[in-house]
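Chains as they are written, first to last, in this note's numbering: chain A, 2 to 342; chain B, 2 to 342; chain C, 47 to 370; chain D, 47 to 370.
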Amino acid sequence: MSKKSFRQAINEAMHQEMERDPNVILMGEDVAGGMGAPGEEDAWGGVLGVTKGLVGTYGRERVLDTPITESAFVGAAAGSAITGLRPIVELMFVDFMGVCFDQIFNQAAKFRYMFGGKAKTPLVVRTMYGAGFRAASQHSQSLYPVFTHIPGLKVAIPSSPYEAKGLLISAIRDDDPVIFFENKMMYDDEGEVPDEAYTIPFGEANLTREGKDVTIVAFGRMVNLANQAADALAKEGISCTVVDPRTTSPLDLDTILECVEDTGRLVVVDEASPRCNMATDIAAQVAQDAFAHLKAPVRMVAPPHTPVPFSPSLEDAYLPTAAKIQEAVRMTMNAAQREVA
Amino acid sequence: MSKKSFRQAINEAMHQEMERDPNVILMGEDVAGGMGAPGEEDAWGGVLGVTKGLVGTYGRERVLDTPITESAFVGAAAGSAITGLRPIVELMFVDFMGVCFDQIFNQAAKFRYMFGGKAKTPLVVRTMYGAGFRAASQHSQSLYPVFTHIPGLKVAIPSSPYEAKGLLISAIRDDDPVIFFENKMMYDDEGEVPDEAYTIPFGEANLTREGKDVTIVAFGRMVNLANQAADALAKEGISCTVVDPRTTSPLDLDTILECVEDTGRLVVVDEASPRCNMATDIAAQVAQDAFAHLKAPVRMVAPPHTPVPFSPSLEDAYLPTAAKIQEAVRMTMNAAQREVA
Amino acid sequence: MSLQMSREELLHTYKTMRTIREFEERVHTEFATGEIPGFAHLYAGEEASAVGVCLHLDEKDSIASTHRGHGHCIAKGCDPKAMMAEIYGRKTGLCGGKGGSMHIADVAKGMLGANGIVGGGAPLACGAALTAKTLKTGGVAVAFGGDGASNQGTTAESMNLAKVWNLPLIFVLEDNGYAEATASAWSVSGTPVKRAAGYDMPGVQVDGHDVFAVAEAAREAVERARSGGGPSLIHVVFSRYYGHFEGDAMTYREKDEVENLRRTRDCLNLFRERVGEAKLLDAGELDAIDAEIKTLIDEAVAEAKAADMPDPLRDLETDVYVRY
Amino acid sequence: MSLQMSREELLHTYKTMRTIREFEERVHTEFATGEIPGFAHLYAGEEASAVGVCLHLDEKDSIASTHRGHGHCIAKGCDPKAMMAEIYGRKTGLCGGKGGSMHIADVAKGMLGANGIVGGGAPLACGAALTAKTLKTGGVAVAFGGDGASNQGTTAESMNLAKVWNLPLIFVLEDNGYAEATASAWSVSGTPVKRAAGYDMPGVQVDGHDVFAVAEAAREAVERARSGGGPSLIHVVFSRYYGHFEGDAMTYREKDEVENLRRTRDCLNLFRERVGEAKLLDAGELDAIDAEIKTLIDEAVAEAKAADMPDPLRDLETDVYVRY
Ligand SMILES: Cc1ncc(C[n+]2csc(CCOP(=O)(O)OP(=O)(O)O)c2C)c(N)n1
Ligand SMILES: Cc1ncc(C[n+]2csc(CCOP(=O)(O)OP(=O)(O)O)c2C)c(N)n1
Ligand SMILES: [Mg+2]
Ligand SMILES: [Mg+2]
């Protein structure tokens, strides 16, 4: 156990799994870096340095730079997965899914079903999401609701370095296609991470706070904001449970329902655009399955229905914050309450 | 006014708008048909005959066949829209969005915002959706939740020939990009359709039934099933309001909330995959904004979280039906009810 | 073009082409009865391509196919009975009835699936070739695609990727003159062979009615791929006998186009003529194959019709994930 | 290559190249102070391409650009002050601060946007060309794209579409040797000119440090397009002076690669030498332009820094739709 950054945790997961299983390969734009260039071999290690050092250990046969052709190489990853490899493919920004979505959602996601169960597709797509980076509309989206919508995909969103390493190792060992969402604002976040390999199972939510008044469900970077909000609210005498589902597909709905049964109130925090997002997904399922336990209206915290703006003044206003979460929690506490059994 | 099929209604809308405005053009694979082939000119008029006859009237300069390169021609439509044309582009099956989504969601949808309001993009993407056609996993998806999720897009889903004509004319005259979803099972459905051009405004829901016990919200082909269910339920003494929002973006949430305030119960019927879909979107917003009026849990009717199967026995079981809607309505009626103001 | 095939190869070639033809003709007639659900895109007339190429492949090799995939499936060794059952949507189908005509696959045999997305297969074939290269299996991969698919961005990207990664891959561009109702003469600017040259990739055009020509070109390309020489392209030119899909009235074609083709350029007839002239096989042997295949397909249809549909309660929600 | 430019064109060319250079050098130094938010991909070293091409365009013509778009914007007539304000995220920016460096656009000027998606612009340029053709405006469109973008499927699809539709379109492939840290020598198999030939499209390679060479090739391609002769490709070969984006340490390049280039192949120096040798403009005139531009960019930065940020309450949710 030692302090590691989110970036290091992810890097370490790949290192250890590539060492453990020779069928694990890594590909993507500049994941090694420097192909055909005069300069040093391991020039980049990914645009934000997440794959740094892997090519030095595993060589260019297993750490493959690619041309900028996401359809071809994401599809190649899918094709290699059904023929015996266990590829990790880096789709740099999830915003780029628009040029290769077919290979993910019509091919990789559906092989097993279309082929009557006679294929497995152990594919991991690592990708960056999230706003706050001043990267504007085409490099700041969250988009995990789109992948969560698609049957056949699994979707993991780590909320800390510890979660990142354990979930990524699970993803690599998983026999189904997994889309692994890394919040680009978190790469330098530090936390305790075991040195050895470990897995965190998919579909098992983590409770980062336990309280009795309100259940807050949040994903990825929003978990930290939810924790901050919970800490601040505790000082006001409002006690919150914070649920990090870890994976949106599969979703540990049971744990969420149990928490709502205990607290009677739900706030869902989502960094994705507000329509058909994870906040609506969870709020709706709770309103269907735990209605009798709800004392107050569910509340959703999400950005407005706009593209992500560039200007810092706008982007800061765009994103959910701990203050907005606190406000939502207070609203559920102040709403007309209803008696429950 | 005369009886027309859904197909004819859509065809007529395009005819009349192309006549009215010389800047309206149409493009897509075989929307005319027969390019370079020895046979007759208007060979196809689209794979299901929806654009038949248009090339005869407006010529190949305004009715453009394309190679099978959706990124290029959907993008070309977007580029032509910001430079002065009003293109209608046919993306044959919405399942094919995976090869051209970037041009829709990162380009067309975001121009106006990214360019600070200094562009307009009067683009219509007509596309087929829906299961029941025995067309299997890659030709049967609904996917409108994915488009609804994207700020900058509008999404229309007509539920009858009358709706189709009016909504399509509105879409063509709209200055924003509109994704127009046609359920492929409905092309031969008939209904009364005015001969002259007319518009149906976006964001104004239509109440096809008014009742006092349960509000059923449904889209596209599901509206008909909801109506059938409502008729059957009426015989059991359960009185339903059926809401057809017509457009999912913009969404007429106000009307839905008003209906729920009246009935106190909500069932949402969605043909799209169950996670992060329109059913969750609406159920969640109602649970947030009309919670005090809900007498019973919201209920969602949607397919299971699987790709669309090919075999008729499976596909029939996959789809929502009037019977399933009735069952959901009965569940809300039988659930522990709660007093509301 | 020489007839460099062993007797065994000759028999295999004829029998496989005949199986495809019989299969497709029968799907055509059965489709007309309304009993087959959904779409069917028939490969009749194009048999020489699938068979001439797959002749050089074994189970360690992979192919990615198209919406017009029945021929590729049969040529790669899929069981025609299980295929027919799949097309009928039966539980006994190769994909348990979940895939249907457009998604027949048998990964264990290296058949990575028909594909409902035009251009969808080429990247997958790159992946199969990458597996072969990485695991040093000695295998190669083939990406089948139509003239329409040749314009799709995935095809271009895959050609570059295959070249840059030096993959053991063969692009087989099946140019049957049309993509739906659009002529390839219009939709494909330049030529496929010149496009391959744009990527420094060897390319050759062959007469797709002549299985010997296809087989010869494929032999060269497969050998190049197996020996580390990288990807190649084969532009196969021929025609489809039926409409784009069953139900297409083909108003865009010359009235007697297909009739003429059947008469003068049919791959099975040409094969018979060539092996007859060269006295390699005699007509009796071939007739016997024809009879055998007819029986096989009769049985396939009968068994498919008799088989159970999948059970919605048991089968609808399985096979989505290995574990969820 | 001849120097077929009027005196006015020569001055315009130099001034525009100098504006871009000064703009980019200044963004480079300002970026280092940490005051500029987000990414910046600089065009310094590549000025001859944008300027040599746009010399032949006017406001009825359109261009689609890339993530490295500042040069294209300036060459197409965007206001450098409004651009600078945009890069600083100010309300006075060309896009009101909503777009930033990667999305600068001025549709009224025919500048259809920088683009954050590699390969994203080519289809849009097809659309602009289609508008010109359909409305018979006499306009043409240009699709700028990098060596990296040249592999992207959208580029290939657009080349075919432009050819098949016979669009008035010019593909300008700006090959600066790298896509991020990957050399074009590795990632681009074959050559762009041969790829164009694959689509039966005229293609030519030019030295991108020589604005006269670029302008000459562009003149021919634009004339071809305007006169109904369809699309062309120009493969411009040169280098970028800075990293892929600001902050890139460029470990993948030779230590003195950029220094050498600046000394021997700088487009502004070469221009000065050429017009000096040919006695077309004198150094004093050019120095005066340099001084004028320096002032302009100083003002642009000062004004940008002084300008207001957009107001979250008022500006965040506007401009998503014309009407919603
Ligand atoms: C991405 C995509 N676009 C369009 C279609 C619809 N479609 C199916 S087959 C076909 C024609 C394909 O032509 P070609 O590649 O020449 O193959 P052929 O049918 O001639 O065998 C089209 C347009 C599709 N399935 N996928
Ligand atoms: C679809 C997509 N893939 C990847 C990226 C990330 N990216 C931005 S610029 C770039 C390199 C582009 O290289 P090139 O086209 O040669 O342009 P240059 O940067 O050299 O001007 C990459 C990979 C992107 N923006 N979009
Ligand atoms: Mg074809
Ligand atoms: Mg470059």
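Backbone N, C-alpha and C fix where the C-beta goes; we use that ideal spot for every residue, glycine too.
Note that the coordinates shown come from a computational prediction; the quantities given were computed from them, not determined experimentally.
For A:Ala77, the nearest CB of chain C lies under 8 Å from its own CB, placing it at the interface with that chain. For C:Lys240, the neighbours in chain D by C-beta distance under 7 Å run, in chain order, Ala243 and Gly244. The nearest non-hydrogen atom of ligand 2 is 7 Å or more from the C-beta of C:Glu319. Look at B:Asp66: its beta carbon is at least 7 Å from all of the heavy atoms in ligand 1. Cα atoms of A:Thr128 and A:Ile180: separation of roughly 7 Å, rounded to the nearest angstrom.
In the DSSP assignment, B:Asn107 falls outside any alpha helix (DSSP H) and carries neither an H nor an E. The DSSP assignment places complete beta strand (DSSP E) segments of no fewer than 3 residues inside the segment 280–307 of chain B at 300–302, in order along the chain.
Setting aside the 5 residues that flank it on each side, D:Ile339 is surrounded in the same chain by Lys61, Arg64, Thr65 and Glu68, each with a C-beta closer than 8 Å to its C-beta; the list follows chain order.
The Cβ neighbour count for C:Leu359, taken over all protein chains shown within 10 Å, is under 16; the residue is labelled exposed. Taking all protein chains shown into account, A:Lys213 has fewer than 16 neighbouring C-beta atoms within 10 Å of its C-beta and is therefore exposed. A contact between stretches requires three or more CB pairs, one per stretch, nearer than 8 Å, and the segment 282–291 of chain B fails this requirement with the segment 233–243 of chain B. Taking the Cβ atoms as the reference, D:Val260 lies roughly 5 Å from D:Val252, within the contact range of under 8 Å.
Distances between the C-beta of D:Asp193 and the heavy atoms of ligand 4 include at least one below 7 Å. Proximity to A:Gln108 across A:Val64, A:Ala157, A:Ser72 and A:Ala206 peaks at A:Ser72, based on C-alpha coordinates.
In terms of CA proximity to A:Asp253, A:Val218 leads the group A:Val218, A:Val270 and A:Thr264. Closest option to C:Ala154, judged by alpha-carbon separation, among A:Gln104, A:Ala165 and A:Gly118: A:Gly118. Sixteen is the threshold: since fewer than 16 other Cβ atoms of the shown chains lie within 10 Å of the Cβ of D:Gly184, the residue is exposed. The beta-carbon of B:Pro246 is placed no less than 8 Å from the nearest beta-carbon of chain A. Contacts with chain B at 8 Å (Cβ-Cβ) do not include D:His113. Residue pairing by DSSP places B:Asn228 opposite no residue, since no beta bridge is assigned to it. Closer than 8 Å to the CB of A:Lys166 there is not a single CB belonging to chain B.
Assigned with DSSP and collapsed to three states, D:Leu207 falls in helix. In terms of Cβ geometry, A:Ile257 and A:Val270 do not form a close pair [threshold 8 Å]. The alpha carbon of B:Leu295 has as its nearest neighbour, out of B:Thr70, B:Ala79 and B:Thr264, the alpha carbon of B:Thr264. Residue pairing by DSSP places B:Lys155 opposite B:Val179 in a beta bridge. When D:Arg286, D:Ala352 and D:Glu305 are compared, the shortest CA-CA separation from D:Leu88 is found for D:Arg286. For D:Tyr89, the three-state secondary structure derived from DSSP is coil. About 7 Å separates the beta carbons of D:Ile343 and D:Pro126, which is inside the 8 Å limit, making them a contact pair.
Chain C places a beta carbon closer than 8 Å to that of A:Tyr114, counting this residue as a contact. By the criterion of at least three beta-carbon pairs nearer than 8 Å, the segment 44–63 of chain B is not in contact with the segment 186–194 of chain C.
Using a cutoff of 7 Å, the CB of A:Tyr114 does not count as near ligand 3, since none of the ligand's heavy atoms is closer than that.
Distances taken from the Cβ of C:Phe69 to the heavy atoms of ligand 2 include none shorter than 7 Å.
The DSSP-derived three-state label of C:Val99 is helix.
According to the DSSP secondary-structure assignment, C:His281 is paired through a beta bridge with C:Leu219 and C:Gln251. A check of alpha carbon separations from A:Gly204 across C:Cys119, C:Cys313 and C:Tyr370 identifies C:Tyr370 as the nearest. Residues of chain C with a Cβ closer than 9 Å to the Cβ of D:Lys209 are, in chain order, Ser235 and Gly236.
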